Amino acid sequence: QKEVEQDPGPLSVPEGAIVSLNCTYSNSAFQYFMWYRQYSRKGPELLMYTYSSGNKEDGRFTAQVDKSSKYISLFIRDSQPSDSATYLCAMKDWDNDMRFGAGTRLTVKP
Amino acid sequence: DAGVIQSPRHEVTEMGQEVTLRCKPISGHDYLFWYRQTMMRGLELLIYFNNNVPIDDSGMPEDRFSAKMPNASFSTLKIQPSEPRDSAVYFCASSSTTGDEQYFGPGTRLTVT
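Here the protein sequences come in this chain order: Z and Y.
When we follow the working numbering, the leftmost residue of the first sequence carries the number 966, and every step to the right adds one.
When we follow the working numbering, the leftmost residue of the second sequence carries the number 627, and every step to the right adds one.
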């Protein structure tokens, strides 16, 4: 079993839809949770970063962490074609050994 | 700031040749990370440095791989000799004192034939 599980998709939604992306993890030591967005042939770009359980909102993006269930989510409201990318969850414990999910490829159709 | 800079952006080489990838982190960042991304294995941490000192190299796949950081503004990842299974995109990332929020470079796409 991988430490971080993420459905690779692909996921296709119409413009304006609410997108839900999820990851589960097995290592209860993970304390920091991140979501990265990666456009084709580009480096990952940090979208959201959270430390605690609960929700964190930034514009159209909401990150949710449930440590008791070892489950994190990223919600995208009013999705746009420019949101089309691969979204990677990432997490780490107190050191800097970051573990990434496989990434979910998202396409938002106009 | 120009962000993390990597060179070359693309590298095609023959099996057995030495390959050197270069990275310039964001100025003022204390941490530097080298990652490898493939379709099969996703994004994997190879090694990271703190204040130019290698902290964890447990992700380096074999002795053929080595990394150095001679100063705060430059790091190299070397593969000698290269093999076809080393073909991947290699990313460098840097972060500030906490090491949490990492900023990635554009990557080097390596093809070993």
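Backbone N, C-alpha and C define an ideal beta-carbon position, used for all residues, glycine too.
From a predicted model like this one, the values you see are computed outputs, not experimental measurements.
query = Comparing the C-beta of residue 1056 (chain Z) with each C-beta of chain Y, is any distance below 8 Å?
reply = Put simply, the CB of residue 1056 (chain Z) is far from chain Y, with every gap to its CB atoms at 8 Å or more.
key: From Z:1006, Z:1026, Z:1020, Z:1005, residue whose alpha carbon lies closest to that of residue 1012 (chain Z)   = For residue 1012 (chain Z), the closest of Z:1006, Z:1026, Z:1020, Z:1005 by C-alpha to C-alpha distance is Z:1026.
Helix, strand or coil at residue 721 (chain Y) [DSSP, three-state] = DSSP places residue 721 (chain Y) within a strand segment (E or B) once states are collapsed to three.
key: Distance, residue 1017 (chain Z) Cα to residue 1035 (chain Z) Cα   = When rounded, the distance between both Cα atoms is 12 Å.
message = With H, G and I counted as helix, E and B as strand and the rest as coil, what does DSSP make of residue 696 (chain Y)?
response = Strand at residue 696 (chain Y).
ask   = Using a C-beta cutoff of 8 Å, does residue 975 (chain Z) count as contacting chain Y?
value = Closer than 8 Å to the CB of residue 975 (chain Z) there is not a single CB belonging to chain Y.
query = Counting only runs that start and end within the stretch 1010-1051 of chain Z, where is the alpha helix (DSSP H) found for 4 or more residues in a row?
reply = Unbroken alpha helix (DSSP H) runs of no fewer than 4 residues, entirely contained in the stretch 1010-1051 of chain Z, are not found.
Given residue 1041 (chain Z) as reference, the closest of Z:1021, Z:990, Z:995 once Cα atoms are compared = For the residues Z:1021, Z:990, Z:995, the minimum Cα distance to residue 1041 (chain Z) belongs to Z:1021.
request  = Using a Cβ-Cβ cut-off of 8 Å, state whether residue 1007 (chain Z) counts as contacting chain Y.
outcome  = For residue 1007 (chain Z), a Cβ of chain Y is located within less than 8 Å of the residue's own Cβ.
task = Can you tell me which of Z:1044, Z:1055, Z:1070 puts its alpha carbon nearest to the alpha carbon of residue 726 (chain Y)?
result = Cα-wise, what sits closest to residue 726 (chain Y) is Z:1055.
key: Run of the beta strand (DSSP E) containing residue 742 (chain Y), from where it starts to where it stops   = Beyond the ends of chain Y as shown, which are 627 and 739, falls residue 742 (chain Y); an answer cannot be given.
task = Measuring alpha carbon to alpha carbon, tell me which of Z:1008, Z:1003, Z:1039, Z:1006 ends up nearest residue 1019 (chain Z).
result = Among Z:1008, Z:1003, Z:1039, Z:1006, the Cα nearest to that of residue 1019 (chain Z) is on Z:1039.
ask   = Nearest-angstrom Cα distance between residue 1065 (chain Z) and residue 643 (chain Y)?
value = Straight-line Cα distance between these residues: approximately 30 Å.
task = Whole angstroms is fine: what's the gap from residue 694 (chain Y)'s alpha carbon to residue 645 (chain Y)'s?
result = Between residue 694 (chain Y) and residue 645 (chain Y), the C-alpha separation is close to 14 Å.
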